[in-house]
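What follows is one structure encoded as structure tokens, with my remarks underneath.
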Amino acid sequence: MKFFFDNNLSPHLAHAMRELCKAETDVEDVVHLRDRFRPNIKDHDWITELSRSGPWVVVSQDGFMKNDLEREALRRSGLVVFVLHRQWAQHAHWVVAHNLIKWWPTIMDQCRLIRGGASYRVVWRYSGGRVEQIRI
Numbered sequence: 001m002k003f004f005f006d007n008n009l010s011p012h013l014a015h016a017m018r019e020l021c022k023a024e025t026d027v028e029d030v031v032h033l034r035d036r037f038r039p040n041i042k043d044h045d046w047i048t049e050l051s052r053s054g055p056w057v058v059v060s061q062d063g064f065m066k067n068d069l070e071r072e073a074l075r076r077s078g079l080v081v082f083v084l085h086r087q088w089a090q091h092a093h094w095v096v097a098h099n100l101i102k103w104w105p106t107i108m109d110q111c112r113l114i115r116g117g118a119s120y121r122v123v124w125r126y127s128g129g130r131v132e133q134i135r136i
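Per UniProt numbering, the sequence shown runs over residues 1 to 136.
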């Protein structure tokens with residue numbers, strides 16, 4: 001598995017998850033958008049480019065609802081996407097990091113179950129630890 005953190009999440013969070021995932025044999029890498037692309041790249045451009053470089057799992061706070069071009073690029077990409085519910089944006093950096101670490105095993109387990117593209121929403125509250133499949 002390769003994880004890609006969108007620009008609306010901290011690069012520090014992505015890099016911390018990279019370090020934590022070194023203990024996971026099936027996680028190849030965890031990168032932030034700025035590790036691979038310029039910061040102001042359009043979503044549909046990085047989505048298209050990322051999909052050409054193999055299977056990736058995208059983690060984002062963006063609902064990808066800005067425009068049809070973006071949604072269509074995601075649908076065609078075959079990427080797996082985890083969208084953090086808007087409640088995530090209301091919390092401080094350390095609290096977000098703590099909660100994402102709590103959710104991370106569930107996110108990895110879900111990735112192990114699927115092949116091809118899919119989209120999920122990760123709610124803030126961990127009760128039950130289930131992600132909700134969504135349509136983008």
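Idealized CB from N, CA, C, for every residue including glycine.
Item, Value
"Val31 vs Met1 beta-carbon contact at 8 Å", "no"
"Whole runs of the beta strand (DSSP E) within the region 59-88, excluding any shorter than 3 residues", "80-84"
"Other residues of its chain near residue 169: CB distance less than 8 Å, five sequence neighbours each side excluded", "Residue 169 is absent from the structure shown; the chain starts at 1 and stops at 136."
"Three-state class that DSSP yields for His91 in the structure shown", "coil"
"CB of Glu70 within 8 Å of CB of His44, strictly", "yes"
"Residue closest to Trp104, alpha-carbon to alpha-carbon, out of Leu74, Ala16, Ile47, Glu49", "Ala16"
"Supposed close pair Ser119, Leu84 - CB separation, criterion 8 Å", "12 Å between Cβ atoms; not a contact."
"Of the residues Ile136, Gln110, Val96, the one placed nearest Ser129, counting alpha carbons only", "According to the sequence as given, residue 129 is Gly; it is not Ser. Taking only the C-alpha atoms, the option nearest Gly129 is Gln110."
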